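Residue numbers (this note's numbering): 15 to 269.
Every residue gets a Cβ at the ideal spot worked out from N, C-alpha and C, and that includes glycine.
The structure displayed is predicted, hence computed values, not measured ones.
To keep things clear, I will list the structure first and then write my remarks on it.
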Amino acid sequence: MIYQQQNTMTQKDITKYVLIGVSAIILIMLSASSFYTIDTGERGVILRFGRLTTIADEGLNVKVPFVDEVKKLSIRDQNLSLHTEVSSSDIQTIAVDVSLVYSLDSKRVDKIFQTYGMDIENTLIRPTLSEKINAVIAEYPIETFVEKRAEISNRINTTFANQVTGSGIKVKSLLITNHDFSDDFNKAIEDKKIAEQGALTAKFTLERMKLEAEAQKVKQASLSPMVLQEMAINKWDGKMPQYFSGAQLPFITIK
Numbered sequence: 015m016i017y018q019q020q021n022t023m024t025q026k027d028i029t030k031y032v033l034i035g036v037s038a039i040i041l042i043m044l045s046a047s048s049f050y051t052i053d054t055g056e057r058g059v060i061l062r063f064g065r066l067t068t069i070a071d072e073g074l075n076v077k078v079p080f081v082d083e084v085k086k087l088s089i090r091d092q093n094l095s096l097h098t099e100v101s102s103s104d105i106q107t108i109a110v111d112v113s114l115v116y117s118l119d120s121k122r123v124d125k126i127f128q129t130y131g132m133d134i135e136n137t138l139i140r141p142t143l144s145e146k147i148n149a150v151i152a153e154y155p156i157e158t159f160v161e162k163r164a165e166i167s168n169r170i171n172t173t174f175a176n177q178v179t180g181s182g183i184k185v186k187s188l189l190i191t192n193h194d195f196s197d198d199f200n201k202a203i204e205d206k207k208i209a210e211q212g213a214l215t216a217k218f219t220l221e222r223m224k225l226e227a228e229a230q231k232v233k234q235a236s237l238s239p240m241v242l243q244e245m246a247i248n249k250w251d252g253k254m255p256q257y258f259s260g261a262q263l264p265f266i267t268i269k
């Protein structure tokens, strides 16, 4: 009787200890699930059953475990590179590389998330940037692109910023970092340069020939009989030329 009673009490104790252990584990899990950290340069979007309830700042925060969900959005400067092919005003293809630096407005993270979700780069930024690049470059003929590239970059920057600022995007900088024309256009430019160089060479040769002809005319006009006589005298070596009897005395010629 005594042994059975002691054995029954031991089983109760084991059950009690198991329950205490399970409760402790549950409490630890609940406590661990109640706290979360938001790093510097981030904001936390708190969802309760899929509905946005609040935006959490940097540091240690508390949430309802197993009910609240935390999604983190970066408000740091983000770098985006975009490669696209566009058409100029004279329907020539230009491939351009654009570099964009932007950030999310920390005060509008809730609106940004509600409108565009977590992938704002692909839902807003890339499509809008591509649209503005096409619209601006389409106003310029291809031959002015290189000369006006800085102006084109500034215009794309301005039109893009005007479009996305209201959506909570801060545009820090936007530059066209590289461009490339089609092979056909590059060949046409090279052929044009060769033709222009040939035309300049021909023009220079013609002008030189004209100048030489005019100089020769001036020279011929300046050689009067008196001048020729003086030049002949200056050139004479003092020896009388030989001639046959009855022949006319020859004039000393200049050679």
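Could you compute how far the alpha carbon of residue i sits from the alpha carbon of residue j?
i      : j      : result
ARG90  : ASP53  : 11 Å
LYS125 : SER117 : 14 Å
MET15  : GLN25  : The pLDDT assigned to MET15 is 47, lower than 50, so where the model puts this residue is not dependable; a value taken from the coordinates is nonetheless given after this. In a straight line, the C-alpha of MET15 is about 16 Å away from that of GLN25.
LYS269 : LEU220 : Per-residue confidence for LYS269 stands at a pLDDT of 48, beneath the threshold of 50, marking its modelled position as unreliable; the derived number appears in the next sentence. Roughly 30 Å separates the two Cα atoms.
ILE194 : SER101 : With the sequence shown as reference, residue 194 is identified as Asp, and Ile is not the correct amino acid for it. ASP194 and SER101: Cα-Cα distance of roughly 12 Å.
ASP133 : THR68  : 19 Å
ILE183 : ARG169 : 17 Å
THR29  : GLY35  : 10 Å
GLY73  : ILE105 : 54 Å
THR179 : SER103 : 28 Å
TYR17  : LEU33  : For TYR17, the pLDDT reaches just 48, beneath the cut-off of 50, and the residue's location in the model is therefore unreliable, although a value from the coordinates is still provided. Rounded to whole angstroms, TYR17 to LEU33 spans 25 Å at the Cα level.
ARG140 : ILE147 : 11 Å
MET223 : THR191 : 48 Å
ARG62  : SER187 : 36 Å
LEU94  : SER181 : 17 Å
GLN19  : ILE39  : Note on GLN19: pLDDT 49, under 50, position unreliable in the model; the coordinate value appears next. Rounded to whole angstroms, GLN19 to ILE39 spans 31 Å at the Cα level.
PHE199 : GLU226 : 40 Å
Would the beta-carbon of residue i fall within 8 Å of that of residue j?
i      : j      : result
ARG143 : VAL110 : First, the residue type needs correcting, since residue 143 is Leu and not Arg in the sequence shown. No, the Cβ-Cβ distance between LEU143 and VAL110 is not below 8 Å.
SER48  : LYS86  : no
ARG57  : VAL160 : no
LEU138 : LEU114 : no
LEU66  : PHE127 : yes
So which of the options has the shortest CA-CA distance to residue i?
i      : options                           : result
ILE156 : GLN230, ILE34, LYS224 and GLU99   : GLU99
SER88  : ILE166, LYS121, MET223 and LEU189 : LYS121
ASP71  : GLU228, PHE218 and ILE60          : ILE60
ASP119 : PHE174, VAL185, GLN177 and PHE218 : VAL185
For this session: Please confirm if the region 141-161 is in contact with the region 66-84, defined as three or more CB-CB distances below 8 Å between the two stretches.
Result: They do not touch, by the three-pair rule.
For this session: Return the chain-ordered ranges of every alpha helix (DSSP H) run that is complete within the region 88-168 and spans a minimum of 4 residues.
Result: Segments of the alpha helix (DSSP H) lying fully in the region 88-168: 123-130 and 140-151.
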